[in-house]
Every structure is written in C-alpha cells, then in structure tokens.
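Working notes for the structure below.
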Amino acid sequence: MNDTFTVRALWAWYSKQAGSPDEYDVLRCTGGARRRATFFDHITAAGLGGPPSAAATRDRLPWVSVTGLPCTDRQWTGISVMEPSPLRDGVNRDVTSTRYVLLDSTELVRRRVEYVTLWDAVASLRLPPEHEETIPLEVPAPAGDGLPEGLETIAGHVPGTVGDSDRRRAAAVHWAVAVAALLLPGGPVVITGGGALDARARLAVFDAIAGLLPYGVRGGLAVGSCVDGGDEPPTHLAFGPAHTPSARCVELGTLPQVPAGAPEEYRRQLLRLIEVLGLDAVTAGLRTFDAAVAPAGPGAVLGVLDRLDPFRAAVHAVEAGEQSVQLVTRGLNSLTDGEDTESEGFLRLVRCGIDYAVEPGGREVYDALSRHWAHGKTGPRVSALMAEALLDVVLGGVSAAADSTSCRARLDELWRLVELCRKEAEVLRLLPGSGEPADAQRLRYAADCLCLLGPGRVADGRADAVHVLRDTRRLTRAVLVRESADPTRLAGWLTLLEPTAHEAPVWLRAWAVLAVGERKKAALVEPRPTAEDALHVLTATVRSRQPDWTAEAVRWLWPQLCSTAVGRGESGRTGDDGATSGLSLQGRSGSRRPPARTPEHLDDPAHPADPAGPAHPAGGPDARGALRTLLATDTDVWRHCRARADVLNCLLGAPAAGPPWRESACRAYAQSLHRVLWDEGLAPFLALLVEALATPALGGPWGKEGESTVLTALLRVPDEAAAEKLRRRVDARNDAWRRRQDALEAERSVRARRLADQEAAQNTRLRAARERHTGTGTGPDCATGTGAGGAAVPREGRGRPPVIGTGDRTGDGPDPLDVLAVAVQQLRSPRDIAVMWAPFTFDLDSGTGRRALELTGRWWGRAPEKERDALFGHLERTLLTAHRCSVDVTADILHEIRSLIMACHASGHSSGGWLAGPVFREAKRELRDRRSRVRELRRIRLMSVFHLVPGTPRKHKERNRGSSDR
C-alpha cells in the first residue's frame, strides 16, 4: 500500500545573492520573471518578521507559516519555510532564505491533511536550480497524529498536573477548546511559553486547536510557528513573545478567559459535546465539515456545531417539523443531567418527547425523558410541561368538540407516564397554576382533566398525591363541585380525600356532611369550616340534584349559610345537630341587614369588626348573589328543606316559595319553621321572617290545603309583636276575600242578565233573516239562496251564542277591536287572530263586525299562504270550544263570512286583503275533504253490516252511480 501521494506544487526561492547589498527578492520561481511579482507579494504577506541570531537558544529557525488562500475558483495553501543559510550579504549579515510552496488545496482537503503532514512533506524539499513550471511534492498519507501530538505537547505545559496523565489531558483539551473559541472574534492570537519547541511540535499544537474547529476553517486560517513580536502579525494563530501588540496573548497550557458571546457559547457547546460523545467522535465529526468557513464567522461555525450536536440537531428538526423518535431520543440523551434546563430548545424537545413517549414504540424516548424527570434540576420543568400537556388535551377536546372517550384515552396514556415516574404529587401541584385571576380558565381545564381521569387514577393509593389534593384547595374544590352532578363519582372523590379524617384541612371538613352516620360531626370540629366552604358544599349538593344531600348540607352548615345570607363573615357556635345557638348578630330592628357599626362602637368589644375572607368576604355581594342563585335554581332539590330555604330567601331579600299545599307537606314545613324560628340567633330578624314567610300562605287561592298549619306555626313565634301583626294581616285578608266574593257574585248576576238579553237579540236577528230568506219565491235573492245583503242566513236555535262584540267588556280594559288592530299590525299567528276575531263574527252586519272583518282581511293579505290556510280552521275550533257554539251555528258563521268575501263586501274603504279566489278554493277543498270523509264512513258502515273482507275492491263507477241517499 502506498503511504504517500504526489501533488504538483508551484514554488519560489526568496533570498539574496552572496555579497550583494540588495534587498531580498524572488531569485527563481515557477514561471520565471512573469510570476516573480506574484510570488513576491505572497511571500512578503506571509512574512513572520525578523528571526533571531544564529546564537539564539529560543525560537530558532526554521520558522514555518501555513496560509489558506481562498480564491474565486479554488482554494490554495501557501507554505513558507524561513531557514538559515551559510551566505552573507554585502554588509556581512547572515542571509535568511525562504522556500515557498503553493499547493492546490483540493486534494489536501479531500485527504484531510494536517499541518504536521505538510511540514513532513516540505521539510526536506529541495528546490530546482532553474525555473520550472511545477515540481512534484510527495505528501505522506495523513495519519491523524497532529491532534494527539499537539494535545500531548499542551499537556506537558499544563501547570500543577505533573504525574496525573488523565487530568493533564483533560486540561489540555479545555485549553485547546478555549483557544479555538478565541479565534472566532477574528483578532490574532499569540501563544507564549513555547520557545523551546521545534517547528513540528508547534504545528502539532496548531493541529490540536484547528482540530476542534470545522476542517473548512483551515481554508482561510494563517498560522505561524513564530512571529517576531511586531505590530499586526500576519497570522491568526502563532507562537511569539508576550509583548506582541494588537494580539491576544495566551500562555501555553494555562487556561485563558473566553469573552462572552459567540466564543463562550462555542466553548460551552463544544465541551458538552465532548463530554457526551467523546473527543474522538467530536473531532471526527468536525473533520467532515470541509466547506470553507471564515475564522471570523462565529455564526457559521456555531451552525456547524449545531448540526454536529445531537441536541441542537433534534431541536432544529422539531422547529422544522422533521423530527422523529430517534432524533428526539438522541437529543435528550445527549444532555447531561440538569443541563439546558431554561433553554427554549430543551422545552421544545421535552414537549415532543412527551408526545412520542405515549405512542407505541416510544420506550426509548420515555427512558431518556425519565432520566431528566428524575433529576432535581430538570424534574420540575418536565413536570410543568407534563401538566401543560394534560391541559392541552382537555383544551384540544373542547376546541374540536371531541367526545370525552378520546380525551380520556389520551389523558390515561399521559398519566401512565406520570405514574411510572411517581410524579403524581408534583404534577397535581402544578396543574391549577399560580392562583392569579388570569389562571381562572386554567383552573377550569385542570378540574376537567381530573374529572376525566377519575379518583381511582389520580391518586391510586399514593398518600403524597392525596396530601397535594388536600393542599390545592382551589383545584380540589372545583373538582368536587363539577363531579357533584354524578353522586357516585362525588362519593368516590370523597372516599379518596377522607374529609372525616382528623388530619383533613378545615375547608375539606365541610364536605364531611355528605358522609354517612356519625362521621358528619367532623364538620363541627373547631376550627369549623368557613361560610365560603359551606357555600361550595351547597353548590355541589344542588348540582347533584339530590334532595337528601341538600337537606343534610343545609342542616349541618346552617350557621355558615345564615351568616352568608345576612351579610356577615362569622358563623357563631354550632350545636350537636348542626343548628346554630348564636349567630353573633347585633341589632333588633328586624331589617334585612344588621345595623351598621357607628363610630362610637369601633373600639367596643361588644361590636366586633367583620373578619374578611381570603378573597371575598363570606357575606359579601358575591357570596350573597351565589346563594340567591342556588336557592332559585331548582325547587325540587329543596323539597326536603323547604322551610330553611325560605328562611334564607327572606334573609337575602328574595320572596319565599312556601311549601307544596298538601297537608302532610305543610305539617313538615311548619315543624321545620318552628325549630328554625325559635333559634335565638334569628331573633333580630323575626319580624322580617314572619312577614315574608306568611306571604305565600296568605296569597291566593284562599283556603288552600295546609294553609292553616303554616299560619299557626308562624303565629307561635317568640315575638308577640310579629305574631300580632300577622293576626291583623290574616283578618284583613279574610275580610277582603269576603268582599271580593260578594262583588263577584253581583257581577255574575249582571253578566247572566246581559247574556240572556244578548242571546234573545241574536235569536231575533237570526229568525228575521230566515224569514226574509224563505218568505219570497222570486227575486234575485231566491236564486242564490242568500238573504238581504248577500249574507247567508244562519240557522236558529243551534248552540249557545256567546257575548257579541265588546258587550262583556267591564272596567277600564282595552277595547278588543283595538287589540285586534294591534295584532294585525304585528302580524301575529293565525291562532291569535282567530281568538281575537271570534267574538265579532256573531254580528257581521254591525259596525264592529264589519270593522273586525276588514282588519282580519288586512292580516290575510299580508300573511304567508300557509298561515292563511290555517286561519279558518283556528276560527272554527275557537267557536266550537271557547264560545261553545254548535256545529251548525259555526258552519253558518263561516259560510256567512265567505259569502261576504265572495260578494266583495269585506274590504270596506281600507283596501282590505281578502281575495275571493283563494277563499273560494279553500272552501272547495274543505268540501271535498268532507265528502271524502262521508264516503269513508259509508264504507265503514257497510263493512260492519255485510262483514266485507278487508281489501275487497269497490264496485265499478258505472255500477255505483246515483244519489248518495239511496
């Protein structure tokens, strides 16, 4: 196997003739005189300065520089070797010659040639004595020795690590990484303290530094084995004295300070990569990036490092939407414990990892995720992201209107990860947010999340999770109120939380009233639950629609509810059965609110100040409004505690509903009222309560079943003034009822006489119309069968005529004709128009009858066709039912109306909307329907007489002709 390869090199010899007083110049080169100026510029640009004397012991010749020369079409590499010679010039000075070689970088880059390899190729190169175009240069095969040799040289100069090879090597790597980062700003860097090193050792140090940068950086990097300390050295990286101006001097082996910004970011990322992937893997990866990169381009260099970094590569893939399970897993595994906790990339990667971990085949990403989750620094952030993921599932289900089954399945998968890492308590603590008003919606979604999971999954026997649920009052309370719609699930949550336990917090003990048996007394242990807690329990019981639960909550939390109703934040002492024995309410005025504290009472211990609640006072407007809403929500849920509910309503200023007016219900209601009203804590409000609670009993109808039982209980209150006032109200109500009954009886007699008179007048008119119709045998009216004016003559004595027109209007009520006009203007329904029009159809010849016909015509002209067709049907039903007309009278009235429309006497002077054609067609359709029903009845009769088999065809029309009377 051939260990070398050959490249064609351009060359130049830079020196002076022996004994010549001239300056240095290119004596011979490739291309001769036509290229001499070009080589002169390259050599002088790469000049390292004046070398020391031949007797110097440090920084001795040869001095070597390697410069990357980017051009438009290709990359070149220039190698300059300044070395001593035996010649002396015209003033007896030593002549220092320079060999310069210019190589095409294409093959060098492809083979990843290092600086030491280039030195090995040109160290013994002899230039031809004559001008030649190119010369062959044998380059040894790259063995990759430059980087380890350079690190070994650096390790030998690390102070304080003698004898510890691992520590010296690690320190050497840190030093090389720091110097590589110092090259990113673009200024020259000079390494001091290497005066005893030869040229090859110095180039190996450069290989160690450049090996920690992308290989493409070498295409624009200039390095020198030594500079003379002059101003603005021509190199980016070189050895030299510490007094070199305009350069950042770094002592060999001593870790330098890296400035903040891109250099520090590069150093930090590179060290993390080396720690995760290893030095060999990192340097091998950096060698693969051979595209030309300017040394002073930190953005491009950091971009290369990002592509090499599994974490950065995964983050970029997630941002571009090109992530995969493998990329995310490698990215998470590349992070050391506790690293990049606050970075946005870490958060994105964890979010993506959570999504992959719940999918089939996500075991590897779960293992990587759990490692960060278990760490003390990154664990809280992962828990916070998991809480957000749970909330996102609920929010996504609400936004997409998805069913609860899919949401519950997704939540179960996410919660399984929480259970595997034993992080239930931490995630539960983070779910509701910070408690700020802005987190109200988050709290609602968090409660939905726990409700979908259920009590069995949330804690699953974990004591720490139960403790967190007890501590997160807002979240747990929201869950209990939300789950109250299902008593079985609510009982499951209460079983988990154990509100009757002695270590349960005060707010949770309020829920003990929903427990069974003697455990309810846990709600009475001091300190007792607040009025706010009692209100939340009552909300849950009302939502559950369980009357027995509501009654228990009201009974055991009665002091707190009374305090809320009267606007106080305190609840007083509680008896063994939950009834209050003292509400600490001041004042005897019987007003709806206790009297305000006057300035002279501010320091009086007998008038304590109202304690404020945690967020809103328990008796404040918000609490009172919530209690009022609960009391008005559903009357059925209060049926087992109707009396206490009415007392709370009265204290809130709302009307009392009263009991169901049955004897048994009123007896229970009265007994409950007796117990509540004899409570000494309600003494200041007895007058108010008796007045308000008696209102339903004193209201109509008079003499209800059980009314006397309720009034007797109210008359026995321990307040004689209130009882006496109620007696006067009862007596006044009874007297008013008797007077009203007498007035109604008198009015009924007057109306009966008026009805008889109107009925007689109606019969007279009908009889006269019939006589006119039948009294003449000739004339135009006989041909049509109509009476005077073209109106049909109704039959006499069929049904009871109702009150005609507005004859029955009493008092100051509106005129029915005006009511009909308003209804026509509003285009009301055909049923409403028929009801309002019906009283006027009994006297169509009168002015009000014609006016009502014209108004109805206006409605008929504006109404849709479907509503037009329904008008006469509604009118017929109204006459038959509401006005108790017979079928014949109803038919005569409808026929008379249609006759007026046919004769065009229904429009008047208002251009009414009646049209004869549609009305005539409707009458024909009605006639056809009636004939069809008659035929059907005839067939049914025949089947019943002759026992025809169902389905027997009828006779042919030709054999069934004739009158229907036959």
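Mapping the sequence shown onto the working numbering, position 324 (from 1) lands on 570, and the numbers just tick up by one. A virtual CB, placed ideally from N, CA and C, is assigned to each residue, including glycine. Just so we're clear, the structure is a prediction, and the values are computed from it rather than from any experiment.
- Residue A614 holds the alpha-carbon nearest to the alpha-carbon of C667 among A869, P479, A614, R656.
- A direct Cα-Cα distance of roughly 12 Å separates E360 from V469.
- Taken atom to atom, the span from the alpha-carbon of T1087 to that of W1160 is near 16 Å.
- G679 is the residue among D391, G679, P505, P683 whose C-alpha sits nearest the C-alpha of L721.
- Straight-line spacing of the CA atoms in P901 and N895 works out to 6 Å.
- Here DSSP, grouped into helix, strand and coil, assigns A468 to strand.
- L1090 and L1099 have their C-alpha atoms spaced approximately 8 Å apart.
- By the C-beta criterion, the segment 437-447 is judged not to be in contact with the segment 523-543, since fewer than 3 inter-stretch pairs fall below 8 Å.
- Counting other Cβ atoms within 10 Å of its Cβ, M328 reaches 16 or more and is therefore classed as buried.
- In the DSSP assignment, D319 falls outside any alpha helix (DSSP H), carrying neither H nor E.
- Around the CB of M1189, fewer than 16 other CB atoms lie within 10 Å, so the residue is classed as exposed.
- Take the alpha-carbon of T810 and the one of A780: they are about 9 Å apart.
- Looking only at P308, P541, D526, V522, the smallest Cα-Cα distance to F557 is reached by V522.
- Judged by pairs of C-beta atoms under 8 Å, the segment 960-975 touches the segment 909-927, as three or more such pairs exist.
- Residue range 340-350 is occupied by the beta strand (DSSP E) that includes D340, with no alpha helix (DSSP H) assigned at that position.
- In this structure V611 is not in contact with G622, their Cβ atoms being roughly 21 Å apart against a cut-off of 8 Å.
- Taken through DSSP and simplified to helix, strand or coil, G314 comes out as strand.
- With 16 or more other CB atoms across the displayed protein chains lying within 10 angstroms of its CB, A916 is buried.
- Pairing H782 with R874 gives a Cβ-Cβ distance that is not under 7 Å.
- From the listed residues F931, V976, W924, the smallest Cα separation to G946 is found for V976.
- The C-beta separation of P460 from V547 comes to about 6 Å, placing the pair in contact by the 8 Å criterion.
- DSSP, reduced to helix, strand and coil, places R774 outside both helices and strands of the structure shown, so it counts as coil.
- Secondary structure at D271: strand, using DSSP grouped into helix, strand and coil.
- Under a 10 Å Cβ-count criterion, V956 is classified as buried, with 16 or more other Cβ atoms of the shown protein chains found around its own Cβ.
- Between A418 and I437 a beta carbon distance of about 13 Å is seen, past the 8 Å cut, so the two are scored as non-contacting.
- Non-local C-beta neighbours of S616 in its own chain, meaning closer than 6 Å and more than five positions away in sequence, comprise C667, ordered along the chain.
- Under the three-state reduction of DSSP output, E378 falls in the coil class, being neither helix nor strand.
- Annotation: the segment 520-601 contains the following complete segments of the alpha helix (DSSP H) (minimum length 4 residues), in chain order: 525-533, 544-554, 556-566, 571-579.
- Short of 7 Å from the beta carbon of Y602, and not among the five residues preceding or following it, lie these beta carbons of its own chain, in chain order: V571, V574, G608, V611.
- In the DSSP assignment, the residues bridged to G324 are T313, L348.
- Under the criterion of beta carbons closer than 8 Å, A756 and L803 qualify as touching, at roughly 7 Å.
- Boundaries of the beta strand (DSSP E) around T250: 250-261.
- Sequence-distant partners of W1106 (beyond 5 residues in either direction) whose C-beta falls short of 7 Å from its own C-beta, in its chain, are R1114, L1117, G1159, W1160.
- The residue among L430, S411, G432, H403 with its C-alpha nearest the C-alpha of W421 is H403.
- P1164 and R1174 have their C-alpha atoms spaced approximately 15 Å apart.
- Counting only the Cα atoms, S343 lies some 20 Å from T303.
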